[in-house]
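Following: one structure in C-alpha cells, then a few remarks.
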Amino acid sequence: VRVGILISGRGSNMASLVKASEAPDSPYRVVRVLSNVEDAGGLAIAAVAGIPTWAKSHKGMPRAEFDALLDAELRAADVELIALAGYMRLLSPEFIAGWQGRILNIHPSLLPLYKGLDTHARAIAAGDAEAGCSVHVVTPELDDGPVVAQARVPVLPGDTPDTLAERVLGQEHALYARALADYARSLR
Ligand code: GRF
C-alpha cells in the first residue's frame, strides 16, 4: 500500500513510520512526505531516508485551494493511504471527501477526550490518572472519526505537560507504526 505522510513539524512520528516500513514484511511503503511548512524539520529526515518531499506554505491561500494542490501531489504519486503525522491544519471537507476511509491521524490524547491543542496540560489539569494517544480515521470534524488504536501511559506525580508529552510520544511512535500496518493490511 502506497502511503503519503503529511507533516508540519519535527516529524518524529513520520520517521518512526518510515523506519517501520523498512521491515521486509511491511504492508505499506512511504512514497511521499508533504508539508505545509517549508522548513519543517521532518523534511530533512525524509530526504535522508530517500523519500521524495513536497513543501509549500499554505499562507495567504484559501484552504480548499491549498488542499487541491496537496491532492494533486498525492494522486500524482499514486498514494493510496494518507497518514497525518503532526499535520497542524484542518483539511477541507472537499479533500476529505475524496479520500474517504483513507486518511489516518495520530492524536496525543485518549479520544474522545481532549480534541484540539494542549492535550497534556488539559489531562494534568483534570487530574487524570492516565493519558495516552489515539490513531483514528479522519472525518471532517477535528480529531473525530473512528478510533482504530489507542495506547495508555500513567500520569505521574510532578508531571508537566512536557514530561507527559515525552512519555506519550514514545507510545505514539510504536502505536502509529502498528496501526498503520494493520490498516494497510485491511485495505489489500
Ligand atoms: C505528536 O504529538 C502528534 O500526536 C501531534 O503532534 C505531535 C507531532 O510530533 N499531533 P512529530 O512531528 O511527529 O514529532
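Each residue of the sequence shown is one higher than the one before, starting from 6 at the first, in the UniProt record's numbering. All C-beta atoms in this analysis are idealised placements derived from N, C-alpha and C, irrespective of residue type, glycine included. Remember, predicted model here, so these are calculated numbers, not experimental data.
| said: With the cut-off set at 8 Å, would you say R157 and V84 are in Cβ contact? | reply: On the sequence shown, residue 157 is found 152 positions in, with the first residue counted as 1. On the sequence shown, residue 84 is found 79 positions in, with the first residue counted as 1. Going by C-beta atoms, R157 is not nearer than 8 Å to V84.
| Relative to ligand 1, is the shortest distance from any of its heavy atoms to the C-beta of I87 smaller than 7 Å? | Position 82 of the sequence shown, counted from the start, is the residue given in the question as residue 87. I87: no, Cβ never under 7 Å from ligand 1.
| request: Excluding the 5 residues preceding and the 5 following R7 in the sequence, name in chain order all residues of the same chain whose CB lies nearer than 8 Å to its CB. | output: In the sequence shown, counting from the first residue as 1, residue 7 sits at position 2. Here the set comprises Y33, R34, V36, A82, D83, V84, E85, L86.
| query | Do the region 132-152 and the region 165-178 touch if we need at least three Cβ pairs shorter than 8 Å? | reply | yes
| query | Run through DSSP, which three-state label would H178 get? | reply | Counting from one through the sequence shown, the residue named residue 178 turns up at place 173. Reduced to three states, the DSSP call for H178 is helix.
| Beta carbon of R107, beta carbon of N41: below 8 Å? | As a first step, residue 107 must be located in the sequence shown, where it is residue number 102. As a first step, residue 41 must be located in the sequence shown, where it is residue number 36. Not a contact, by the Cβ cut-off of 8 Å.
| message | Is it buried or exposed, V53, if we count other Cβ atoms within 10 angstroms and call 16 or more buried? | response | Position 48 of the sequence shown, counting from 1, holds the residue named residue 53. So V53 ends up on the exposed side.
| task | State the Cα-Cα distance for the pair K61 and V152, rounded to the nearest angstrom. | result | By one-based count along the sequence shown, residue 61 stands at place 56. By one-based count along the sequence shown, residue 152 stands at place 147. Using only the alpha carbons, I get a separation of about 30 Å.
| said: Using CA atoms only, rank isn't needed, just tell me which of L96, Y119, I129, S26 is closest to A73. | reply: The residue you call residue 73 lines up with position 68 of the sequence shown. Per the Cα distances, L96.
| Rounded distance between the beta-carbons of I101 and V143, thought under 8 Å | Along the sequence shown, one-based indexing puts residue 143 at 138. Along the sequence shown, one-based indexing puts residue 101 at 96. That pair is a contact at about 6 Å.
| query | Would you call the CB atoms of A126 and P166 closer than 8 Å? | reply | In the sequence shown, counting from the first residue as 1, residue 126 sits at position 121. In the sequence shown, counting from the first residue as 1, residue 166 sits at position 161. Yes; because the gap between Cβ atoms is below 8 Å, this pair is in contact.
| task | From the DSSP output, in three-state form, read off G47 for me. | result | In the sequence shown, the residue the question calls residue 47 occupies position 42. G47 falls in the helix class under three-state DSSP.
| At what residues does the beta strand (DSSP E) containing E135 begin and finish? | Counted from its first residue, the sequence shown places residue 135 at position 130. Segment 135-142, the beta strand (DSSP E) holding E135.
| query | Does the count of Cβ pairs from the region 22-30 and the region 179-188 closer than 8 Å reach three? | reply | yes
| Is S17 helix, strand or coil by DSSP? | Taking the sequence shown and counting its residues from 1, the one referred to as residue 17 is at position 12. Helix at S17.
| field | Nearest candidate by alpha-carbon position, reference D187, set G91, A154, H178 | value | Mapped onto the sequence shown, residue 187 falls at position 182. Nearest option by C-alpha distance: A154.
| query | Quick one: what's got a C-beta closer than 6 Å to P145's C-beta in the same chain, skipping five residues either side? | reply | As a working mapping, residue 145 is identified with position 140 in the sequence shown. Excluding sequence neighbours, P145 sits near P98, I101.
| In this structure, what does DSSP give as the bridge partners for G9? | The count along the sequence shown starts at 1 and reaches residue 9 at position 4. DSSP, once it has assigned bridges, lists R37, I87 as partnering G9.
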